[in-house]
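Enquirer:
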Amino acid sequence: MEMKKFEVLPRHIGFIMDGNGRWAKNQGLKRGEGHIAGAKVFKKIGEYCADLGIECVTFYAFSTENWSRPQEEVDGLMDLFIDYLIDGDSRLEENKERQMKLKFIGEREGLPQELLELIEKAERETKDYNKITVNIALNYGGRAELVHSVKAIAEKVKNGEIAIDDINEDLISQNIYTSGQPDPDIIVRPSGEYRLSNFLTWQSAYSEFWFSDILWPDFTTDDVDAVLEDYQKRHRRFGGV
Ligand code: FPP
Numbered sequence: 026m027e028m029k030k031f032e033v034l035p036r037h038i039g040f041i042m043d044g045n046g047r048w049a050k051n052q053g054l055k056r057g058e059g060h061i062a063g064a065k066v067f068k069k070i071g072e073y074c075a076d077l078g079i080e081c082v083t084f085y086a087f088s089t090e091n092w093s094r095p096q097e098e099v100d101g102l103m104d105l106f107i108d109y110l111i112d113g114d115s116r117l118e119e120n121k122e123r124q125m126k127l128k129f130i131g132e133r134e135g136l137p138q139e140l141l142e143l144i145e146k147a148e149r150e151t152k153d154y155n156k157i158t159v160n161i162a163l164n165y166g167g168r169a170e171l172v173h174s175v176k177a178i179a180e181k182v183k184n185g186e187i188a189i190d191d192i193n194e195d196l197i198s199q200n201i202y203t204s205g206q207p208d209p210d211i212i213v214r215p216s217g218e219y220r221l222s223n224f225l226t227w228q229s230a231y232s233e234f235w236f237s238d239i240l241w242p243d244f245t246t247d248d249v250d251a252v253l254e255d256y257q258k259r260h261r262r263f264g265g266v
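Going by our numbering, the sequence shown opens with residue 26, and the numbers climb by one from there.
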């Protein structure tokens, strides 16, 4: 496939994978089928970002608030995550070929044991891959992440490892799940909603946003190209002039 060339590439893109339920409804399918279609798109878009040479992508797969959905839907999503990770050798080959490091960001507590073990295995197996980091935000909430960070820092103060005056923005960035990664340059939210929904709360302070009515299962690599074309025109000032 002939790939488009872009002068400026974002280092990190965030994707809020929204609209699976509406997509399924429009097709006369169950919500779970929308998530299955969405998972295929997640895989395709991740691989495309790797091929473009983007350093980091984050996909919002399951929020700390999503537990309130019907049990059948939650179970279906957990099974989807398991199926993706269990897809053994073929997935491992793909990750190796693209040098794709997998990282799960979010609270581990509350996830099914089988999924936890697969997450640890996938992270272990891909930890030295160095072309792209694919963050999967699972049981993730931006506010919960900050609580986690505050607790970790408070513990260090308590143990005398650091003083209160050592607490600054860098220290907070070092104590969140994406520590060591660039902040997202652009966050993509399809499905006609215009909100962040607790996604990358700290990291998105200076992110650009890209919204569209496309439902996530209809999102294609052409849409990624459209995001990147738009990104070329954004003038990022970071509070300067
Ligand atoms: C929001 O759309 C979507 C989710 C809560 C789930 C997103 C998860 C995936 C696409 C699967 C990803 C797979 C892997 C392996 C990481 P919605 O259901 O709220 O859509 P609606 O607003 O139209 O109802």
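By construction, the Cβ of each residue, glycine as well, lies at the ideal position given by its N, Cα and C atoms.
Note that the structure is a prediction, hence the values are computed from the model and not measured.
Spatial neighbours of Ser198 within its chain, please: CB distance less than 6 angstroms, with the 5 preceding and 5 following residues excluded, ordered by chain position.
Expert: none
Enquirer: Gln257 to Glu72, Cα distance in whole Å?
Expert: 21 angstroms
Enquirer: Please name the residue or residues paired with Ile157 in a DSSP beta bridge.
Expert: Met125
Enquirer: On the three-pair Cβ rule with 8 angstroms, is the region 52-64 touching the region 96-109?
Expert: yes
Enquirer: Within 8 angstroms: the Cβ of Lys69 and any heavy atom of the ligand FPP?
Expert: no
Enquirer: Quick check on Trp263: buried or exposed, where buried means 16 or more other Cβ atoms within 10 Å of its Cβ?
Expert: Here residue 263 is Phe; the residue named in the question, Trp, does not match the sequence. Exposed, by the Cβ-count rule.
Enquirer: Run through DSSP, which three-state label would Asn120 get?
Expert: helix
Enquirer: I'd like the list of long-range same chain contacts for Asn45, defined as Cβ closer than 8 angstroms, with 5 residues on each side in sequence excluded.
Expert: Arg56, Gly59, His60, Ala62, Gly63, Leu240, Trp241 and Pro242
Enquirer: Just mark Ser232 as buried or exposed, buried being the case when its beta carbon has 16 or more other beta carbons within 10 Å.
Expert: Label assigned to Ser232: buried.
Enquirer: Should Ile161 be listed as close to the ligand FPP, given that the test is whether its C-beta is under 8 angstroms from any heavy atom?
Expert: yes
Enquirer: Helix, strand or coil: which one does DSSP assign to Glu233?
Expert: Residue state for Glu233 is assigned as strand, using DSSP reduced to three classes.
Enquirer: Please report the straight-line C-alpha distance between Pro35 and Gln52, rounded to a whole angstrom.
Expert: 34 angstroms
Enquirer: Does the Cβ of Leu34 lie closer than 8 angstroms to at least one heavy atom of the ligand FPP?
Expert: no
Enquirer: Tell me where the alpha helix (DSSP H) around Thr151 begins and ends.
Expert: Gln138 to Thr151
Enquirer: Report buried or exposed for Met125, applying the criterion of at least 16 other Cβ atoms within 10 angstroms of its Cβ.
Expert: Buried: at least 16 other Cβ atoms inside 10 Å.
Enquirer: Relative to the C-alpha of Leu171, which candidate in Gln228, Asp248 and Ala251 has its C-alpha closest?
Expert: Leu171 has its Cα closest to that of Gln228, out of Gln228, Asp248 and Ala251.
Enquirer: Are there 16 or more other CB atoms within 10 angstroms of the CB of Asp210, so buried, or fewer, so exposed?
Expert: So Asp210 ends up on the buried side.
Enquirer: DSSP has Ile79 in a bridge; who is on the other side?
Expert: DSSP, once it has assigned bridges, lists no residue as partnering Ile79.
Enquirer: At what residues does the beta strand (DSSP E) containing Phe40 begin and finish?
Expert: His37 to Ile41
Enquirer: Is Asp114 near the ligand FPP, going by C-beta to nearest heavy atom under 8 angstroms?
Expert: False, no ligand heavy atom lies under 8 angstroms from that Cβ.
Enquirer: Let me check you understand the geometry: is the CB of Val66 closer than 8 angstroms to at least one non-hydrogen atom of the ligand FPP?
Expert: Val66: yes, Cβ under 8 angstroms from the ligand FPP.
Enquirer: Taking 8 angstroms as the cut-off, is the CB of Phe84 close to at least one heavy atom of the ligand FPP?
Expert: Using a cutoff of 8 angstroms, the CB of Phe84 counts as near the ligand FPP, since one of the ligand's heavy atoms is closer than that.
Enquirer: Is the region 184-197 touching the region 210-224, taking contact as three or more C-beta pairs under 8 angstroms?
Expert: No, the region 184-197 is not in contact with the region 210-224.
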